[in-house]
Every structure is written in structure tokens, then in C-alpha cells.
Amino acid sequence: MNSTRRILRLPSVLLLVLGAVTLAIAGCATASPNPIVMTQPAPLAMVVRLCDSAAAGCVNTTSFSLGAMRDLAVNVDWQNVPGGTHTQQLTVMLPNGVIYQTISHGFGVAEGTAGSPTVSDAMPVAGTFLTQRQLTGDWTVQVSLDGAVIGAQIFQLQP
Amino acid sequence: MIELSGSWKKRLFLCLLLTLSAGWGPALAREQKTITLTTAATRGGDTYIDSGATTSNFGTATSLNVAGKNSGANPVRALIQFDLTSFPSIGVKQATMNLFVSSINKAGFIYEAHVLTSLWTETAATWANRLATTAWATAGGVYNATAISSLTLNNTTDVGIYHGWDITADTQSWYSGTQNFGHLFLQNQTHGNDATGININSRDAATNRPQLALTFLQQVSGLTATAGNGSVALTWTNPTPISGSTVLEGYSGVLILRQVDKAVAATSVPADGMTYTQCNTIGSNNDVVLFVSTSNATSFTDSGVCGGLTNDHLYFYKVFALDTAKNYSTECGTATSGTGACSANGSAIVPEVSAVPSAATPYQAKWVFNTLAGSLSSPGVDPGASIVTASNSLMFDINPQTGAPVAPPIGIGGAVSGRPVLIDGPDDSIGHNVAYVPAADNFVYAANTDTGVLDWVVNPSGVPFVASSGIQAKLFSGVTYTLGQDLVVVGTHNAGSTSANQILGLNGNTGATVWTVTGNSGAVSPLDIINSAPSIDYVHGAIWFASRSNGGTSQPSLWKLDPNTGAVLFTASLGPIDYSPTLAPQSDVLFVSVNGGALTAIDPITGSTLGSINPGDGGVKNSAAVATLIMPYTVVFTTNTQVWSYKFSCATNPCLAGGGTFTKLWGGTAVNNPSAPLTYSGLPKVYVGGGDGKIHELDVATGVDGKQRLLNTGVVVGDVGIDTVLSLALASASDGRCYAFAIPF
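In order, the protein sequence lines correspond to chains A and B. Numbering-wise (the numbering used here), the first sequence opens with residue 17 and increments by one. Numbering-wise (the numbering used here), the second sequence opens with residue 7 and increments by one.
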């Protein structure tokens with residue numbers, strides 16, 4: 017079980033692709049009155065918050081009782097997402113590593129900006145095979161953006 | 007109709023080197039075929055969407071515009087999806103989308119292909135909407151921001167010819183667990199914008215329509231295993247080229263991987279161009295190369311090469327087709343494709359089978375099908391004709407005889423938890439074989455199981471579905487059923503409310519909402535989440551739903567509805583119920599499993615409680631099954647760790663409130679974490695999926711757990727289905743596979 021939030025960062029190469037990079041040509045001061053500036057894009061990052069959908073607010077929790085919870089709310093707080101259309105995919109994996117469900121969610125960030133949206137999804141739990149067949153153990157939710165895996169969070173389902 | 011769902015000794019010196027020449031064996035093929043997207047294609051389509059005309063659909067346009075107008079403020083984008091129905095089971099080596107560009111306004115602009123991630127239809131998609139009444143999550147289409155490929159076009163030399171975008175990786179993923187929603191084409195505006203852009207011939211054009219050039223290997227078919235004493239005999243049929251395809255290299259045989267006590271991994275892929283010898287291992291799962299054929303063999307008997315074969319252990323076999331250039335039927339690019347990369351589950355679609363050799367009780371699976379997600383959604387069965395299993399966000403139509411996919415999976419928008427409900431053409435009002443599937447994305451889907459085409463898609467309540475639907479077929483309904491077509495009935499799983507869930511009746515032909523029952527609205531009592539399919543009472547003209555009850559018995563959990571109007575005829579507050587009510591064959595008793603409580607017998611006319619039984623062991627779980635045709639009924643049900651059978655009888659006819667009696671016949675028979683039991687009148691056995699990876703076959707008269715079939719180790723087995731025509735027991739497991747075993751065991 018991991019009870020701490022994780023901040024996950026993209027590989028720097030991907031950042032170069034995703035980020036808005038300002039380029040200028042280095043040269044002598046007399047030829048180019050403006051100083052040369054190379055802006056490093058802010059790194060893409062995210063925090064995953066898991067909670068029982070019935071709970072007020074959503075304080076991150078990574079251990080749940082199957083008998084008590086309703087649905088699993090998965091909130092992903094993004095930082096510095098480049099402008100444009102994006103698809104976030106949650107891949108929820110059983111304790112045996114097999115995919116249980118994937119949840120895709122499209123969202124947009126205004127062009128020319130770096131957005132910090134929160135993308136919220138939920139996975140049904142109460143009354144499903146999870147509770148009927150007591151599929152307990154360490155589950156994993158993996159977060160992808162536009163087809164690239166960004167990070168993962170382990171959570172525990174207990175009887 | 008609707009259904010309750012079908013010696014070689016160890017010769018290491020013979021380890022083979024694959025040193026093939028093209029002249030060996032019949033020159034069949036790695037194949038190449040170009041698909042043209044025509045108006046006759048039943049799946050797929052094309053259109054364009056215009057930010058300057060956000061509600062206009064251009065599905066019948068003969069030309070697809072792609073442009074970036076006014077500094078990116080008003081772009082136009084094209085949507086294209088190909089129909090892959092003719093290629094249900096292939097390993098994709100390369101896929102190139104070829105589009106005829108009839109005009110190019112400015113030179114030097116980049117045109118990108120992005121994979122779409124939401125379902126859309128050609129006749130409804132606009133800049134604003136993806137379906138008729140459903141908006142894109144982001145206007146202008148929802149897609150992966152990273153382009154799969156891009157081309158820079160010149161406005162003089164590139165006009166009036168086809169151009170190819172490489173979509174190999176996406177196409178491979180469609181065969182290994184990702185939905186196929188096609189591609190979106192847009193103009194990259196990094197270099198400015200071009201308000202006119204390019205025009206591409208659509209499938210409605212007279213000539214030069216969109217094309218998809220596929221290079222692939224077909225899979226072997228008809229894979230069977232026969233277990234013996236210390237041996238497993240495998241047979242299969244090698245592929246023959248698809249009509250009209252170009253043969254690049256001849257199929258030369260197969261490579262077989264074997265694993266013991268677990269399955270061959272979907273990530274275990276023989277690398278194209280590599281030569282393997284017997285007893286090599288592949289992948290982190292250390293799957294063993296058992297056999298390499300270079301002469302188009304169609305059988306092999308595993309008698310224990312490469313480490314031996316131990317009786318009473320489970321063996322999995324995966325059979326890859328192979329060509330003379332040493333390409334394997336995986337979702338991996340060839341060396342000539344430029345990538346050589348594999349999709350995440352590169353061998354998931356490759357046929358596999360399992361068997362348990364034994365001196366006393368050898369057995370084998372009839373077939374094994376990998377659904378790529380362990381949802382435990384039970385397979386829906388149209389006996390002898392079709393099996394539809396849904397897993398995650400895909401629906402699979404499987405040939406029940408062979409376990410082979412009839413068509414590529416049908417991509418939908420959300421996960422499916424329940425058993426798809428199938429009804430065949432002669433019995434339904436829509437006029438063809440159809441599957442009805444509610445999903446967690448708030449939509450209900452109707453799919454033609456002959457073609458894989460979605461008949462309709464509706465979002466009737468804006469909240470998720472977990473439970474299967476129920477179908478009231480007009481053909482089997484009495485005169486009191488006044489609707490003009492079949493009724494699809496669904497209940498919502500809105501976990502955000504304990505009182506305002508809904509039950510909806512949908513037109514089976516169109517998906518239009520016929521009626522809605524909303525909890526805590528008007529005279530309707532509070533309605534908590536619904537997690538199980540309804541029962542249809544054709545005798546009394548009623549629909550029975552079970553629900554949760556906000557944690558107690560203060561609000562109803564059993565609902566009786568009028569199918570014509572949705573009027574609530576009766577409710578009972580029995581405590582939370584997650585399992586479908588079971589109607590006795592004569593429709594004179596309704597058996598209800600209250601979560602962790604008692605099996606309760608309800609009078610379906612008056613709603614009164616006739617009797618109840620709780621044998622302990624944590625109370626009942628799962629729906630009950632009735633094994634006899636008339637009263638007294640033999641009722642089989644499960645608790646946490648056991649299976650039970652009770653006789654239910656009544657002192658009077660009709661049965662009066664409190665007048666029913668449960669008398670124990672047998673139990674509890676121990677079964678680890680049992681599923682719902684499956685039996686019915688005339689079936690002498692009870693089938694139960696276990697938490698021990700097995701289907702258990704119990705004697706309905708004695709409860710003796712006489713025989714089992716091991717699906718896989720360390721897995722949970724879902725509810726069992728029976729194909730009564732082919733005598734197959736079918737179940738999904740938490741390893742993501744659907745298994746079929748011949749019955750009786």
C-alpha cells in the first residue's frame with residue numbers, strides 16, 4: 017500500500033515535444049540587441065487522488081473497504097498540460113496485473129497556454145463483481161496521457 | 007432465443023533450426039491487401055467536421071476538407087474509420103492509410119493523423135457532437151494529441167495522387183485491446199494556417215476512395231487439444247490466403263509456445279525474422295518453444311519434450327502462424343515496416359488452448375478466447391449460433407464451435423460488467439440477431455451480432471449502468487403487452503444517489519425511451535443503485551428489479567413494474583439486493599437473494615413473502631437457480647463458501663403468505679468463493695464458478711462436487727453460461743479469458 021501522493025513527471029524528451037519552447041539565435045550583442053532566451057517549459061506533472069465517491073470532498077485514500085464503499089473516484093490533478101485536445105486514460109488493473117477496466121476521458125486546454133485541469137472519473141464498485149466475488153488485494157490505476165504512460169498509483173481493496 | 011445464458015518422445019537432438027526455403031510446402035502466404043472504404047462498408051465511415059459550422063454534418067460529402075482557418079480559430083478536420091470486418095483474426099505487420107488528395111491550397115503544410123478515442127458515427131458527427139445528441143468531450147473531436155503519422159504536402163506535385171499515412175501501431179492495438187474509433191486528420195498550424203487546406207476524396211466519391219493497405223498474417227484456426235495420459239495432442243488448420251490478397255511470402259508452418267500451470271503471456275512474442283529452435287524460451291514468462299513446423303504441419307503431440315509433461319498439471323499452448331521470411335502472426339511490425347515494435351499485448355489474439363493430461367481424468371478446454379480484460383462479465387449465449395462476451399470496453403462475437411472471433415471486437419465507450427443479452431432474429435422485433443449491452447459510460451448499446459454494426463446507441467439517463475439489461479420480447483408476450491416492439495429494460499448505478507436512481511424501458515428497435523421510473527419522484531419510493539438484471543415475468547406481465555436500499559430496510563429493494571408503462575405495481579423492503587431475482591418456471595414463486603441474508607420466496611402476484619431460508623455461512627450471495635419444472639421446486643443457491651439445495655413447497659395452492667417451506671436437500675458443498683449456480687429443469691448437474699480457478703460440476707440430486715475443470719491457476723471464475731445446443735459450459739475468468747468446456751465433465 018502506498019498512502020502518499022505521487023507527483024509524476026514526463027521524460028524530458030517528451031517535454032521538449034509538448035512544451036512551447038522559445039528559440040533565439042545566439043550571437044554578438046551588437047547584431048542582436050535582444051538577449052538570447054531559451055525558455056524551459058514547465059514540466060508536465062500530475063497528482064492522483066483516490067477516494068470513495070460517497071465521501072464528502074475527495075481526500076486521497078489508498079485503502080478501501082469493499083463492504084463500505086460505493087464507487088472509486090479517481091481524480092487526476094494535472095499541471096502544465098500543453099494547449100490542445102488531450103485524452104487521459106485510466107487503466108485499472110487487478111491484483112494479478114490483468115486489466116480490469118480502462119476509462120478514457122477527453123479534455124481540452126486553451127491553445128497557447130499550459131493548463132492545470134482536474135480530470136475526474138469513477139469506477140463502479142458497490143454491487144459489482146468486486147464486491148460479489150471479493151476481489152481484494154493491491155490494485156493499480158495507471159494514468160496515460162495521449163497514449164503515453166505518465167504514472168501509476170497502487171491502492172488496496174480490503175474485505 | 008434468450009438463453010441462460012460451449013508420441014513424441016523427448017528428442018532434444020531433433021531440435022529444429024528454421025532454415026526454410028520458399029519452396030518448402032504449399033506456397034500460401036504472408037499477405038497484403040488493400041481495403042477500399044466504400045459506402046457498402048457496414049462498419050466505419052468518413053466525414054469532416056467544421057468549426058465554422060459546428061452543428062453541420064457532412065457524412066455524405068464526396069470530399070473531406072482538412073484546413074486550419076483564421077490562425078487556427080476555425081479549423082476543419084476529417085474523420086475516417088475503416089471496416090475491418092473481413093479481418094477478424096490477423097497479426098498486423100503494417101497498415102497504411104492511403105488518401106487521394108484532390109486539391110492542396112498551399113505548399114509546406116503538415117497534415118497529421120491522430121487516433122480518435124471516442125465513438126462517433128458518420129451520420130451524426132459534427133464539430134460539436136460525436137453522436138446525435140452527445141457532444142464531444144472537447145469540441146472538434148477527442149483524440150490523442152500525439153500524431154501517429156504526418157505528411158508535408160506540396161501544392162503542385164502532390165495533387166491528384168494518393169498519399170499514405172502509416173497507422174500500423176494503432177491498427178495493431180485494435181487487435182490487442184483498444185477500441186477502433188478510426189482517425190482524425192488535422193492541419194498542423196505550427197507554420198501558420200491555410201484556410202483552404204486540402205481536400206480528400208471520401209467514400210462517397212465516385213473514384214479514388216480512401217484505402218487501407220494491410221500487410222498481415224492470418225492466425226491458424228480450429229485449434230484443438232486432446233489430453234491423454236502424459237500427452238496432449240494438438241491439431242489446427244493453417245491459413246489460406248484471403249481472396250484477392252497479394253501473397254508476399256508463403257506460410258510455412260507454426261511455432262507453438264507452451265506454459266505450465268499458467269497461460270502463455272500476451273507479451274510473449276517470437277520476434278519477426280528470428281529463428282527459434284525447440285526448447286528455446288521467449289519472454290519474461292519463459293514460455294517454451296515447443297514445436298516449430300517448417301512443412302505446414304497441422305498437428306503435434308506434446309509427450310514431454312523440453313522439460314517434460316507432468317500429469318494433472320494445466321498446460322497452455324499458443325500456436326503462431328509462420329511464413330518463410332520468419333514472420334509470426336503477432337501484432338508486431340516487420341523489419342521492413344521500419345519499427346519492429348509490438349503492441350502492448352502482441353500475441354493476445356494468437357489462438358491458444360489448454361489441457362490437463364492425466365492417467366485417470368485427462369481433460370481439455372474446447373477453446374480459450376482472450377478478451378484482454380478480467381472483468382468477469384459472463385458470456386451471453388445464443389445456443390449453437392453465437393457467443394458475445396464483453397470485457398472492459400470491447401464486445402467480442404465468438405463462434406461457439408471454434409472460439410474464433412467472428413469479427414474484430416466492437417469498440418464501445420465504457421466498461422461492461424454484466425452478461426450481454428442476446429436474442430435471435432426470428433424471435434425479436436428488430437429483425438436480426440442482436441445483443442443489448444448497458445455500459446459504465448452511461449450508454450446502452452444494441453449491436454447486430456451478425457455484422458458487428460451498432461444498431462443504436464443511447465444515453466437515456468446520464469448515469470452509469472452496471473447491470474445487464476432485461477428484454478421483454480413481444481413475440482412471447484401475451485395480449486396484455488401493448489407495446490409495438492421488444493422492450494429493453496435497464497436500471498442505473500448512480501452511486502451519487504441512494505434514492506434517485508432510475509429504471510428505464512427502451513424501444514428495442516430504436517433505443518428511444520418508452521418510459522422512465524425515477525426514485526423519490528412523485529409517488530415512487532426512493533430507489534438506490536441497481537446492480538443486477540431484471541427478471542421478466544411473461545405470465546403475469548411484469549418486470550422485477552432488485553436494488554440496494556440505502557443500507558437498511560427502510561426503503562424498497564424489490565420492484566415490480568408494468569412493462570407497458572413502467573408503473574410501479576409493488577415494492578418490498580427486504581434489505582439490499584445485488585442479485586437478479588429468479589422466477590420459478592411456472593412463474594408462481596420469485597426467489598430473491600438478499601445480500602448476506604436470506605433466500606426469500608415471494609408471491610409474484612401479491613408480493614407477499616411465502617417463506618425464507620438462511621443456512622448461515624454469511625448468508626446468501628448470488629442469484630438462485632431452480633432445477634425442477636414444477637412445485638415443489640428444487641432451489642440451488644450459494645453462500646460465502648458453500649453451495650446448497652433446498653426443496654421449496656407449499657401447503658396450499660396457490661401458496662399463501664408464510665405458507666411456503668424450505669427443506670434442505672443437501673449442502674453445504676464446499677466451493678471456494680462460489681459464483682451464482684447454474685442449473686435448470688432437465689439438467690442433472692449444477693455448474694458453479696469458483697475462486698479456485700475452477701468450474702465445479704455438482705450432482706443436482708446429491709450435491710457431490712464430482713468433477714471440476716481448471717481454467718487457470720490463481721484466478722476467480724465468473725458466472726457460468728451453458729450452450730444447450732453444443733453442450734458447452736462457458737465462463738470468464740479474472741485472467742481475462744473466456745473458456746469453453748464440453749459438458750457433462
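C-beta: ideal position from N, C-alpha, C; glycine also. What you are looking at is a predicted structure, and each value in this text was computed from that prediction instead of being measured.
Per-residue burial, residue i [other beta carbons within 10 Å of its own, 16 or more giving buried]
i: B/T316; result: exposed
i: B/N292; result: exposed
i: B/N398; result: buried
i: B/D388; result: buried
i: B/G511; result: buried
i: B/S57; result: buried
i: B/L635; result: exposed
Pick from the options that is closest to residue i, judged by C-alpha positions
i: B/W126; options: B/F375, B/G97 and B/I416; result: B/I416
i: B/R36; options: B/N63, B/Q100 and B/G65; result: B/Q100
i: A/V114; options: B/A633, B/G380, B/G622 and B/I536; result: B/G380
i: B/T2; options: B/S563, B/T522, B/P466 and B/Y487; result: Nothing about residue 2 of chain B can be reported from this structure: the residues present for chain B run from 7 to 751 only.
i: B/L122; options: A/V157, A/G143, A/D162 and A/T152; result: A/D162
i: B/T644; options: B/G602, B/D433, B/G665 and B/S614; result: B/G602
i: A/A61; options: A/G143, A/D137, A/R86 and A/V159; result: A/V159
i: A/P140; options: B/Y54, B/Q491, B/P470 and B/S57; result: B/P470
i: B/A175; options: B/S124, B/A119, B/A131 and B/T196; result: B/A119
i: A/V165; options: A/L82, A/D137, A/R65 and A/Q104; result: A/Q104
i: B/D267; options: B/N659, B/N718, B/T61 and B/K713; result: B/N718
i: B/N507; options: B/N526, B/Y117 and B/G490; result: B/N526
i: B/Y149; options: B/T140, B/R136, B/L157 and B/N160; result: B/R136
i: A/S69; options: A/T78, A/V90 and A/A58; result: A/V90
i: B/G420; options: A/W94, A/V63, A/L106 and A/D93; result: A/L106
9 Å Cβ cutoff, residue i in contact with chain A
i: B/N679; result: yes
i: B/N398; result: yes
i: B/P466; result: no
i: B/D492; result: no
i: B/G183; result: yes
i: B/P470; result: yes
i: B/R425; result: no
i: B/W650; result: no
i: B/L26; result: Legend: pLDDT at B/L26 = 28, less than 50; position of this residue unreliable, value from coordinates given subsequently. Not an interface residue.
i: B/L378; result: yes
i: B/L157; result: no
i: B/T53; result: no
i: B/W142; result: yes
i: B/H499; result: yes
i: B/G502; result: yes
i: B/G720; result: yes
Within-9 Å CB hit, residue i to chain B
i: A/A40; result: Any reading at A/A40 must be qualified, since the residue scores a pLDDT of 28, below 50, and its modelled position is unreliable; the value itself is stated next. No, no contact with chain B.
i: A/Q169; result: no
i: A/R65; result: no
i: A/D93; result: no
i: A/I166; result: no
i: A/T144; result: yes
i: A/L31; result: A caution first: A/L31 carries a pLDDT of 38, below 50, which makes its placement in the model too unreliable to give a value.
i: A/T134; result: no
i: A/D154; result: no
i: A/P51; result: At A/P51, the pLDDT of 49 sits below 50, so the modelled position is not reliable; the number obtained from the coordinates is stated separately. No, A/P51 lies away from the interface with chain B (no Cβ there is under 9 Å from its Cβ).
i: A/S120; result: yes
i: A/A45; result: Here A/A45 scores only 33 on pLDDT, less than 50, and its place in the model should not be relied on; the value that follows carries that caveat. Chain B, which has no Cβ nearer than 9 Å to the Cβ of A/A45, makes this no.
beta-carbon residue i near the ligand NAD non-hydrogen atom, thresh 8 Å
i: B/L717; result: This structure lacks the ligand NAD, and indeed carries no ligand of any kind.
Does the segment 319-334 of chain B come close enough to the segment 76-95 of chain B to have 3 or more Cβ pairs within less than 8 Å?
no
For the segment 298-310 of chain B against the segment 345-358 of chain B, are there 3 or more C-beta pairs whose distance is under 8 Å?
Under the three-pair Cβ rule at 8 Å, the segment 298-310 of chain B does not count as touching the segment 345-358 of chain B.
Three or more C-beta pairs closer than 8 Å, one from the segment 123-130 of chain A and one from the segment 64-75 of chain A: is that the case here?
no
Touch test, the segment 645-656 of chain B against the segment 698-710 of chain B, Cβ-Cβ under 8 Å, three pairs minimum
yes
Could you pull out every unbroken alpha helix (DSSP H) segment of at least 4 residues lying fully inside the segment 633-702 of chain B, listed in chain order?
The qualifying runs do not exist here; there are none.
Tell me the start and end of each unbroken alpha helix (DSSP H) in the segment 161-200 of chain B that is at least 4 residues and wholly inside, in chain order.
174-180
Unbroken beta strand (DSSP E) runs of length 3 or more, entirely within the segment 63-117 of chain A: which are they?
Correct list: 79-81, 87-95 and 97-109.
When the Cβ atoms of the segment 214-226 of chain B are set against those of the segment 390-407 of chain B, are three or more pairs found closer than 8 Å?
At 8 Å Cβ cutoff, the stretches do not touch.
Output the residue ranges of the beta strand (DSSP E) runs that lie fully inside the segment 270-324 of chain B and measure 3 residues or longer, sorted by chain position.
Entirely contained in the segment 270-324 of chain B, the beta strand (DSSP E) runs reaching 3 residues are, in chain order, 293-298 and 305-308.
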